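Student: Could you have a look at this structure, given as C-alpha cells, before my questions?
Protein chains: 2
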Amino acid sequence: MKAVILLSGGLDSSTVLYQALADGCKCYAISFDYQQRHRRELHSALAIAQKVEVVDHQVVKFDLRQWGGSALTDDAIDLPQKRPLEEMSQSIPVTYVPARNTIFLSFALAYAETIAAERIYIGVNALDYSGYPDCRPDYIQAMQEVFRLGTKQGREEQPISIVTPLIYLKKTEIIQLGNKLGVPWELTWSCYAGGDISCGVCDSCRLRLAAFAELGLKDPLAYAK
Amino acid sequence: MKAVILLSGGLDSSTVLYQALADGCKCYAISFDYQQRHRRELHSALAIAQKVEVVDHQVVKFDLRQWGGSALTDDAIDLPQKRPLEEMSQSIPVTYVPARNTIFLSFALAYAETIAAERIYIGVNALDYSGYPDCRPDYIQAMQEVFRLGTKQGREEQPISIVTPLIYLKKTEIIQLGNKLGVPWELTWSCYAGGDISCGVCDSCRLRLAAFAELGLKDPLAYAK
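In the order they appear, the protein sequences are chains G and S. Take 1 as the starting number for the first sequence in this note's numbering and just add one per residue. Take 1 as the starting number for the second sequence in this note's numbering and just add one per residue.
Written out as C-alpha cells, the structure is:
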C-alpha cells in the first residue's frame with residue numbers, strides 16, 4: 001500500500017514514518033520549506049528519509065514570510081523561552097502558523113492523488129500544545145471530508161485516508177513507540193530557534209527534553225543550554 | 001469588511017473581485033504561480049488587481065510540476081482541443097489539477113487569518129466543467145468546516161466565510177453579471193494553452209467564446225483560431 005508521510009524531521013513525524021513502514025506501506029515522504037525560522041529541520045527530514053530509503057521524497061517550497069503572522073515565520077515576533085510546560089497547553093502560542101497543517105495536508109493530498117496513494121500519515125498530536133487548533137481530532141475529521149469530496153479519487157473510488165498514529169499519545173509515549181520502532185533520535189530535529197545546535201529553551205526543546213528526562217533516557221542531541 | 005479574493009485573472013475570478021467591491025469589501029487579492037501552463041494569466045491578475053486598486057496583492061509561488069498529474073502542470077499531457085461543450089461536463093477532464101482548490105483555499109485561509117479578514121471570495125462554479133470535484137457546493141461546505149476548526153480565528157471568534165457568488169450561475173449569467181459590474185473583459189485571460197494570444201480551441205476558450213456568442217456579444221480578446 002502506498003502512503004505519503006508528512007515529514008518535518010522532528011521527533012513526531014520521524015516516528016510516524018517508522019510506523020508507516022511497520023504498517024507495511026511503501027513510503028513517499030513530503031517536506032515543506034516555507035522559510036520557517038528552523039529550516040535546519042529539513043536536513044533531518046532528508047537524512048531520515050534517506051536512511052529508511054523512501055520511494056520518493058518531495059520538498060515543496062513556498063514562502064509563508066510573505067505575510068508572516070507567527071514567531072516561526074516572522075523574526076520580529078520573539079520565540080517564547082523557558083516557559084513552564086503547563087503554560088504551553090493553556091492557549092494558542094505565538095508559534096502557531098495560520099492554516100499550516102491545512103496547507104501541508106493540501107499538498108500531501110495533491111501528491112497522494114497523483115501517485116494514487118491510499119493513505120496520508122501525519123504526526124499531529126492533540127495533547128502537547130493542545131492550543132494548536134489544526135492538531136485536534138475534529139479538525140482532522142473535517143479534512144478527511146475534504147479529501148473525500150475534493151478529489152477525483154475521493155469521488156470515484158476510495159478517499160485517501162488520513163492516518164494519525166500519535167494523536168492521543170503523550171510525548172513520553174511517542175518516544176517509547178519510537179524506541180520500539182528504532183527511530184534514530186540523533187538524526188531528528190525539534191528546535192524552533194534556527195541555530196546550528198538546539199537551543200534547549202524554546203517550547204519545542206523543552207517539551208522534548210522533559211519527555212526524555214521523565215523516561216530516564218538521554219536525548220542524543222547536543223543542546224546549547 | 002476585509003476580504004481575500006482568489007484572483008486567477010480569468011473571467012470568473014475577475015467578476016468575483018468586482019462583486020466583492022460591490023459588496024463593500026476592502027479587497028486583498030491572492031494569486032498563484034504554480035508553474036501552470038498558462039502562467040500568462042498572472043499578468044491579467046496583476047492588471048485587474050491594479051486597476052481596482054486592491055489594498056494588497058499576494059502572489060504565492062510553488063511548483064505543481066514537481067509531481068504533475070494534469071495537462072496544466074505536465075507538458076506531456078495534451079490539452080483537449082475543439083471538444084463539444086456537452087462532452088466537457090460529462091467526466092473529470094485531464095485539466096483537473098489534483099487538490100488545486102484545496103491548496104488555493106488553504107493559502108487564502110492563512111493569509112486571511114493573518115490579516116484578520118472576515119471573508120474569502122472564490123469563483124468556483126458547479127455548472128461548467130461539472131466534472132471538477134473541488135468546485136461543487138458540498139466540497140465548499142467541507143472546506144468551510146475546516147475553516148471553522150483549523151484556525152485560531154475559527155475556534156475563538158467567527159470563522160472566515162467562504163463566499164461563492166458564481167457557484168450556481170451559467171457562464172452566460174456570469175458575463176451578464178460582469179457587464180453589470182463593469183468588469184474589463186479585455187484585461188482578463190482564460191486560455192489554458194500557454195501562448196501569447198488565446199488559442200480559441202482549448203476547453204476554457206471554447207466555453208468562454210460560446211457564452212459570449214450565445215449572448216450576441218463580442219469577446220474583446222484576440223484569438224489565434
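C-beta atoms are modelled at their ideal positions from N, C-alpha and C, and glycine is treated no differently. This one's a predicted model, so the numbers in the text were calculated from it and none came from an experiment.
What does H57/S pair with, by DSSP beta-bridge criteria?
Tutor: Beta-bridge pairing links H57/S to A29/S.
Student: Throw me the rounded Cβ distance for the G68/G and T151/S pair, which I believe falls under 8 angstroms.
Tutor: So it is not a contact: roughly 16 angstroms between Cβ atoms.
Student: Among all the DSSP beta bridges, which residues are the ones paired with R119/G?
Tutor: A3/G and S161/G
Student: Under 8 angstroms Cβ-Cβ, which residues of chain S neighbour W110/G?
Tutor: For the sequence presented, residue 110/G should be read as Ala rather than Trp. For A110/G, the neighbours in chain S by C-beta distance under 8 angstroms run, in chain order, L64, W67, G69, V97, P98, A99, R100, T102 and I103.
Student: For Y139/G, which of helix, strand or coil comes out of DSSP?
Tutor: helix
Student: According to the neighbour-count rule (16 or more other Cβ atoms, all chains shown, within 10 Å of its Cβ), is E139/S buried or exposed?
Tutor: What sits at residue 139/S in the sequence shown is Tyr, not Glu. With 16 or more other Cβ atoms within 10 Å, it is buried.
Student: Looking at L64/S and T73/S, is the spacing between their C-beta atoms short of 8 angstroms?
Tutor: yes
Student: Of all the CB atoms in chain S, is at least one closer than 8 angstroms to the CB of G150/G?
Tutor: For G150/G, the nearest CB of chain S lies under 8 angstroms from its own CB, placing it at the interface with that chain.
Student: Per DSSP, what are the beta-bridge partners of Q235/G in this structure?
Tutor: This structure does not reach residue 235/G, given that chain G is present from 1 up to 225, and the question cannot be answered.
Student: Going by DSSP, which residues form a beta bridge with Y223/S?
Tutor: S198/S
Student: F107/G versus chain S: which residues are under 7 angstroms apart at the beta carbon?
Tutor: Here the neighbours are I103.
Student: Please list the partners that T114/S has in chain G, where partner means a Cβ-to-Cβ separation under 8 angstroms.
Tutor: W67, G68, G69 and P98
Student: So what does DSSP say about A126/G, is it helix, strand or coil?
Tutor: coil
Student: Counting only the same chain and skipping the five closest in sequence on each side, list residues whose C-beta sits under 6 angstroms from that of I197/G.
Tutor: A222 and A224
Student: Note down the Cα distance separating V16/S from H43/G, rounded to an integer number of angstroms.
Tutor: 42 angstroms
Student: For Q35/G, name the three-state secondary structure that DSSP assigns.
Tutor: coil
Student: Distance, Cα to Cα, L169/G vs L127/G?
Tutor: 7 angstroms
Student: Would you call the stretch 7-23 of chain S and the stretch 174-181 of chain S touching, i.e. three or more CB-CB distances under 8 angstroms?
Tutor: yes
Student: Reducing DSSP to helix, strand and coil, say where F147/G ends up.
Tutor: helix
Student: Could you give the DSSP three-state label for F62/G: helix, strand or coil?
Tutor: DSSP places F62/G in coil when its eight states are reduced to three.
Student: So R83/S and G194/S are supposed to be a Cβ contact under 8 angstroms. How far apart are they, rounded?
Tutor: Taking 8 angstroms as the upper bound for CB-CB distance, R83/S and G194/S are not in contact here, some 18 angstroms apart.
Student: With a threshold of 8 angstroms between beta carbons, is E145/G in contact with chain S?
Tutor: yes
Student: Along chain G, in chain order, which residues have C-beta atoms closer than 9 angstroms to that of Y121/S?
Tutor: Ordered by position in chain G, no residue passes the 9 angstroms Cβ test against Y121/S, which lies about 17 angstroms from the chain.
Student: Checking contacts by CB at 8 angstroms: is D134/G closer than that to chain S?
Tutor: yes
Student: Whose C-beta lies closer than 7 angstroms to the C-beta of S204/G among residues of the same chain, with five residues either side of it excluded?
Tutor: S190, C191 and Y192
Student: Check whether the stretch 147-167 of chain G and the stretch 51-60 of chain G touch, using three or more Cβ-Cβ pairs below 8 angstroms as the test.
Tutor: no
Student: Could you list which residues in chain G have their beta carbon closer than 7 angstroms to that of Y168/S, in chain order?
Tutor: Near Y168/S there are no residues of chain G at all, since even the closest Cβ is about 17 angstroms away, more than 7 angstroms.
Student: Is it the case that the Cβ atoms of L215/G and F104/G are separated by a distance below 8 angstroms?
Tutor: No.
Student: What residue does the alpha helix (DSSP H) around Y18/G start on, and which one ends it?
Tutor: Run containing Y18/G: L11 to A22, per the alpha helix (DSSP H) assignment.
Student: So V146/G and T102/S are in contact, right, with Cβ under 8 angstroms, and what is the actual spacing, rounded?
Tutor: 6 angstroms
Student: By the DSSP assignment, the alpha helix (DSSP H) with A108/S in it spans what residues?
Tutor: R100 to T114
Student: With 8 angstroms as the threshold, decide whether the Cβ of R155/S is near any Cβ in chain G.
Tutor: yes
Student: R39/S: buried (16+ other C-beta within 10 angstroms of its C-beta) or exposed?
Tutor: exposed
Student: Taking only beta-carbon positions, decide if I92/S is within less than 8 angstroms of chain G.
Tutor: yes
Student: L177/G lies in the alpha helix (DSSP H); which residues open and close that run?
Tutor: K171 to L181
Student: Would V4/S pass as a contact of A142/S if the rule is Cβ separation under 8 angstroms?
Tutor: no
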